[in-house]
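Student:
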């Protein structure tokens, strides 16, 4: 944290023909092949409107402008914004967690606190601007971060039962808790994991199937499918009860990502799970990998 803070404080604001970039930082969600995001404040000191229309970096296979918006069902959804983000004359525009941001997909190298990302911003009026962004995974959201009520949750910060898993790709955030805790006493670990997932996400309109389930100690990985959507879930046993920690796609097959989220025997669990999932065929693996981003459900007790 000290290194990340020092690195962050050492970076000046970046200015280019009236556009000033401040408060830039990045967060990563795992190692090579995983995802990440970049946030910053854009201040337009010119008398003309401008627009951020593109971003580029060699740190990821794909770098895009993304945002979060509520769907018709009230669930926040993350989506690509090809038209970019406007910055009115003499106004500012914040890229922040829970809102507009730069999305890094398919990291080409590990990103640790204190590392620096070179990012090229392309503006409609002022052209390209190159900035350097420190990685700061411990940084907390600012006061303008979206609250739980704006993300389709309930007033107490929990997710109501029956949310469609396929509709939440990369949209929910750390702090969401399981609303439905089924009685799993007497069930095997695998059956308890399935019951926990179904209690939260299975509905008559959108039935949830879970297979495979792999358990190692107090952690479990499971693949799920719902309609034409699929993904994976990481669960942790806490006080004898299984809880969903996060949902995601390809990241959950990587030991480094699991270790980052509190799995002590990440290599073992990853090998067991990948072998079990591979045994179900390439189509199953592809479906489970189609989930975009990472959805944090609860804070891991082991972190």
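Residue numbers (this note's numbering): 2 to 304. Yeah, the Cβ is synthetic: ideal placement off N, Cα and C, and Gly gets one too.
Regarding residue 104 and the ligand PLP, is the C-beta to nearest heavy atom distance less than 7 Å?
Tutor: Absent from the structure shown: the ligand PLP. Ligands present: none.
Student: Please work out which residues of its chain come closer than 6 Å, Cβ to Cβ, to residue 210, disregarding the five sequence neighbours upstream and downstream, and give them in chain order.
Tutor: 226
Student: Flag this pair as yes or no: are the beta carbons of residue 119 and residue 56 separated by less than 8 Å?
Tutor: no
Student: Could you tell me whether the Cβ atoms of residue 45 and residue 92 are closer together than 8 Å?
Tutor: Yes; because the gap between Cβ atoms is below 8 Å, this pair is in contact.
Student: Suppose you measure from the CA of residue 116 to the CA of residue 33; what does that come to, to the nearest Å?
Tutor: 14 Å
Student: Along the alpha helix (DSSP H) that carries residue 275, what are the first and last residues, could you check?
Tutor: 267–279 is the span of the alpha helix (DSSP H), which, as asked, contains residue 275.
Student: Between the alpha carbons of residue 207 and residue 228, how many angstroms are there, rounded?
Tutor: 7 Å
Student: Quick check: the Cα distance between residue 59 and residue 107, rounded to an integer number of angstroms?
Tutor: The alpha-carbon atoms of residue 59 and residue 107 are separated by roughly 11 Å.
Student: Note down, in chain order, each residue of its chain lying with its Cβ closer than 6 Å to the Cβ of residue 62, except the 5 sequence neighbours on either side.
Tutor: 107
Student: Mapping DSSP to helix, strand and coil, what is residue 256?
Tutor: helix
Student: Which residues in the same chain as residue 132 place their Cβ atom closer than 7 Å to its Cβ, once the five residues preceding and following it in sequence are excluded?
Tutor: In its chain, beyond the 5 residues on either side, 15, 22, 25, 120, 122 have a beta carbon closer than 7 Å to the beta carbon of residue 132.
Student: When you compare the segment 258–273 with the segment 192–204, are there three or more beta-carbon pairs, one atom per stretch, that lie closer than 8 Å?
Tutor: no
Student: Given residue 54, which residues of its chain have a CB within under 6 Å of its CB, disregarding the five upstream and five downstream residues?
Tutor: Same-chain partners within the cutoff: 85, 123, 125.
Student: Give me the DSSP bridge partner(s) of residue 52.
Tutor: 87, per the DSSP bridge assignment.
Student: Spatial neighbours of residue 185 within its chain, please: C-beta separation below 6 Å, excluding the five flanking residues on both sides.
Tutor: 193, 196
Student: Mapping the DSSP letters down to three states, classify residue 236 as helix, strand or coil.
Tutor: strand
Student: Run the CB neighbour count on residue 232, radius 10 Å, all protein chains shown included, and call it buried at 16 or more, exposed below.
Tutor: buried
Student: Do you know offhand how far residue 230's Cα is from residue 250's?
Tutor: 11 Å
Student: For residue 268, collect the residues of the same chain with a Cβ closer than 6 Å to its Cβ; drop the 5 residues on either side in sequence, then sort them by chain order.
Tutor: 256
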